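Engineer: Per the working numbering, the very first residue in the sequence shown carries number 7; after that it's consecutive.
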Amino acid sequence: MIARLSALYQPAKELTGCIAPRRADASAPLAAAAMAARYRPTRRNKGWPVLLAVLVTSACSGNDLIPARNKAARFAAEAGWRYSLTDGGAFVVATALSPRPAQQTLTVYLEGDGLAFLGSRRISPDPTPSTPIALQMALNHADGAAAYVARPCQYTLAAGQGKNCHPRYWTSHRYAPEVIDSIAQVVNGLKHSANASRLVLVGYSGGGTVAALLASQRDDVAGLVTIAANLDVKYWVSRERLAPLDGSLDPADFVRTLRAIPQIHLTGSDDDVVPADVIASYLGKLGNGAAARSLRIQGFSHVCCWVEKWPELQHMTDLSTVMRAKNQ
7 MIARLSALYQ PAKELTGCIA PRRADASAPL AAAAMAARYR PTRRNKGWPV LLAVLVTSAC
67 SGNDLIPARN KAARFAAEAG WRYSLTDGGA FVVATALSPR PAQQTLTVYL EGDGLAFLGS
127 RRISPDPTPS TPIALQMALN HADGAAAYVA RPCQYTLAAG QGKNCHPRYW TSHRYAPEVI
187 DSIAQVVNGL KHSANASRLV LVGYSGGGTV AALLASQRDD VAGLVTIAAN LDVKYWVSRE
247 RLAPLDGSLD PADFVRTLRA IPQIHLTGSD DDVVPADVIA SYLGKLGNGA AARSLRIQGF
307 SHVCCWVEKW PELQHMTDLS TVMRAKNQ
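(1) Tell me whether the stretch 114-126 and the stretch 82-98 touch, counting them as touching only if at least three CB pairs, one residue from each stretch, are closer than 8 Å.
(2) Just the Cα atoms here: how many angstroms apart are A42 and L71?
(3) Using CA coordinates, which residue listed in Y181, F97, L116 and G86 is at the minimum distance from R106?
(4) Whose C-alpha, out of S307, I129, G212 and S126, is nearest the C-alpha of V155?
(5) What does the alpha-carbon distance come out to for the pair Q110 and R224?
(6) Less than 6 Å between C-beta atoms, sequence neighbours within five positions excluded: which residues of the same chain meet that for Y210?
(7) Out of A96, G95, C171 and L116, which has the shortest C-alpha to C-alpha gap to S130?
(8) In three-state terms, what does DSSP make of A153?
(9) Thinking just about the alpha-carbon of each residue, which of G94, L301 and T113 is nearest to the one in S203?
(10) What is the residue span of the alpha helix (DSSP H) that C324 lies within?
(11) Helix or strand or just coil, what does DSSP make of I303?
(12) Whose CA, out of T177, A286, I267 and S136, lies closest to the CA of V309?
(13) With a threshold of 8 Å between beta-carbons, can L251 be considered close to chain D, or not?
(14) Taking C-beta to C-beta, are S90 and A151 nearer than 8 Å?
(15) Go ahead and pull the three-state DSSP assignment for D187.
(16) Could you work out which residue in R299, F260 and H198 is closest to A218 when comparing CA atoms only?
(17) Hey, how far is the Cα of P281 from the Cα of P183?
(18) Tell me, please, whether the stretch 272-291 touches the stretch 305-322 by the rule of three or more beta-carbon pairs shorter than 8 Å.
(19) Keeping to the same chain, check which residues put their C-beta closer than 6 Å to that of V168; ignore five residues upstream and five downstream.
(20) What number of angstroms, rounded off, separates the C-alpha of L248 from the C-alpha of Y181?
(21) Just to confirm before moving on: does the CB-CB distance between V216 and V99 stay below 8 Å?
(22) Can you give the Cα-Cα distance for A40 and A74, rounded to whole angstroms?
(23) Less than 8 Å between the beta carbons of T134 and A164, yes or no?
(24) Should L237 and H271 be called a contact, given that it needs their Cβ atoms to be closer than 8 Å?
(25) What does the alpha-carbon distance come out to for the pair E314 and N146?
(26) CB A297 to CB A266, shorter than 8 Å?
(27) What does the alpha-carbon distance come out to for the pair R302 and Q269?
(28) Inspect the beta-carbon positions of V231 and D256 and report whether they are closer than 8 Å.
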């Protein structure tokens, strides 16, 4: 089935939770270390390959050596967050909730599309991201209670809880109605656990698309923040000449309900996966008078440097206003 689906797609710039080391490459530092351990320097080679192997190994952080399937649980636990696999009806979804006291507004971070493809035509058997960027951003949340929501089938397949995990749910149907409904159910549970009455939704990459779709269906969203998100799906697919996401919803089709929600959309000047004109197309459909704007960050790409700079970005006036929409 995966092979048949792969023939339908040409994801030249598929959205991934991290466009960095492929899962197959994660063992490279370990292999280098093993080679170094077995290597016996001679007078001729003077041991330089050993030094090179050690340098390659040490260049990788400890997080790079953690299997992708374990990262969310481990990162959450190290930060004192409560991690769980939550039944969301159609799907089981990985979530995490901060230990901060209950407040009126809960900020929910939504993960990107993850490792949807292993190459231009090969669909990944598991969409778990190599690096959970939205989770790392959530763990750096500056103000108030926060939660994290992965996407269906991320982290759950490896745990043996991949209910309804067909590859279409990280390809053509990644934003399907049943996906949005399941995540909405999970968000409701987190909101109840935090004793919150309102939400601020923050979505990275495809998680921003999910956040916008959630916001279009709810009356408790005080603010919407997206980072490098493809908010006009049809425009993005056409622009990049990708296979249509026929089973997915498109935020650009729900602008009438979205235009009143305070929102800001961050793009990177060097992002060639979701260029700024994708957001511009979405904003154009929102129309004049919408409570929305975009913010282009110089030197940022689709991946770099959202996690590293997130603590600072949250305090920028335009972003802070939406992030703290609860105070308005």
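Positions of the beta carbon are idealized from the N, C-alpha and C atoms, including for glycine.
These figures come from a predicted structure and were not determined experimentally.
Structural biologist: Put simply:
(1) Under the Cβ criterion (8 Å, minimum of three pairs), the stretch 114-126 does not count as touching the stretch 82-98.
(2) With a pLDDT of only 34 at A42, under the threshold of 50, the placement of this residue in the model should not be trusted, and no figure is reported.
(3) Selected option, being the one with the closest Cα: G86.
(4) Nearest of S307, I129, G212 and S126 to V155, Cα basis: G212.
(5) Going from the Cα of Q110 to the Cα of R224 covers about 16 Å.
(6) Correct list, in chain order: G118, I139, A140 and I233.
(7) Closest by C-alpha distance to S130, out of A96, G95, C171 and L116, is C171.
(8) It is a strand residue.
(9) S203 has its Cα closest to that of T113, out of G94, L301 and T113.
(10) The question names Cys, but residue 324 is Asp in the sequence shown. Counting along the chain, the alpha helix (DSSP H) containing D324 begins and ends at T323 to M329.
(11) It is a strand residue.
(12) The option with the nearest alpha carbon to V309 is S136.
(13) In the displayed structure, chain D is absent; only one protein chain is listed.
(14) Cβ atoms of S90 and A151: not closer than 8 Å.
(15) D187 falls in the helix class under three-state DSSP.
(16) Taking A218 as reference, the option from R299, F260 and H198 with the minimal CA-CA separation is F260.
(17) For the pair P281 and P183, the Cα-to-Cα distance works out to about 26 Å.
(18) When C-beta atoms of the stretch 272-291 are compared with those of the stretch 305-322, three or more pairs fall below 8 Å, so the two segments count as touching.
(19) The question names Val, yet the displayed sequence has Gly at residue 168. So the list reads C159 and T162, once near-sequence residues are dropped.
(20) Looking at the two C-alpha atoms, the distance is approximately 15 Å.
(21) No; because the gap between Cβ atoms is not below 8 Å, this pair is not in contact.
(22) Because the pLDDT at A40 is just 34, under 50, the model does not fix this residue reliably, and the value given afterwards should be weighed accordingly. Cα atoms of A40 and A74: separation of roughly 21 Å, rounded to the nearest angstrom.
(23) Yes. Within cutoff.
(24) The answer is yes: Cβ separation under 8 Å.
(25) Inter-residue distance for E314 and N146 is about 9 Å (C-alpha atoms, whole angstroms).
(26) Closer than 8 Å, so yes.
(27) Within the model, the alpha-carbon separation for R302 versus Q269 is close to 14 Å.
(28) Against a cut-off of 8 Å, the Cβ pair of D256 and V231 comes out as no contact.
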